[in-house]
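Here's the structure, in structure tokens; my notes come after.
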């Protein structure tokens, strides 16, 4: 008997914490993906900046400055395109995360509704009328 109660308690506890476990797992996965992507982006941007500094340090005359300026303009164009691509990728990751969250919440809402309807299924009074409170006098316990 005690084993059944312990098993029932363990099952109820597992069911209680399962939605939170799923939510935490989903959030952790999303945070990991976003962090990884941002670190890769930061690496690309820092390498690009370092390359530009090296190129600037190699300028020794007017012709070199002209070439550097031309490459700098091209690099700025590439950089803006890369930043737009990064913003689009992060936006897509956010939309994917939102969709996964909505799916998780929809599943949990459905499970909660099912549990509520099962719990209420045996407690509904006949005829759909609300249950009436009874007093001591209506139970036949009159004081005579």
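Residue numbers (full-length UniProt numbering): 1 to 144.
Note that beta-carbon positions come from the ideal geometry of N, C-alpha and C, so glycine has one too.
It should be emphasised that the depicted structure is a prediction, and the values quoted were computed from it without experimental measurement.
Would a C-beta distance cut-off of 9 Å place residue i and residue j closer than the cut-off?
{"i": "residue 97", "j": "residue 30", "result": "yes"}
{"i": "residue 185", "j": "residue 104", "result": "Outside the shown range of the chain, which is 1 to 144, sits residue 185, and nothing can be said about it."}
{"i": "residue 61", "j": "residue 71", "result": "no"}
{"i": "residue 58", "j": "residue 49", "result": "no"}
{"i": "residue 86", "j": "residue 41", "result": "yes"}
Quick one: measure Cβ to Cβ for residue i and residue j, integer angstroms, because I've assumed they're closer than 8 Å.
{"i": "residue 93", "j": "residue 34", "result": "6 Å"}
{"i": "residue 45", "j": "residue 90", "result": "About 14 Å separates the two Cβ atoms, so there is no contact after all."}
The alpha helix (DSSP H) with residue i in it runs from where to where?
{"i": "residue 58", "result": "Premise fails: residue 58 is in no alpha helix (DSSP H) and is neither H nor E."}
Do you know whose CA, among the options, lies nearest residue i's CA?
{"i": "residue 27", "options": "15, 116, 99", "result": "99"}
{"i": "residue 108", "options": "6, 16, 5", "result": "16"}
{"i": "residue 78", "options": "52, 14, 118", "result": "52"}
{"i": "residue 115", "options": "22, 47, 12", "result": "12"}
Is residue i close to the ligand PLP? I mean its beta-carbon at under 8 Å from any heavy atom of the ligand.
{"i": "residue 103", "result": "Questions concerning the ligand PLP fall outside what the structure shown contains, since it holds no ligand whatsoever."}
message: Give the list of continuous beta strand (DSSP E) stretches no shorter than 3 residues that lie fully inside the UniProt domain "Phasin" (8-108).
response: Uninterrupted beta strand (DSSP E) stretches at least 3 residues long and entirely within the UniProt domain "Phasin" (8-108) do not occur.
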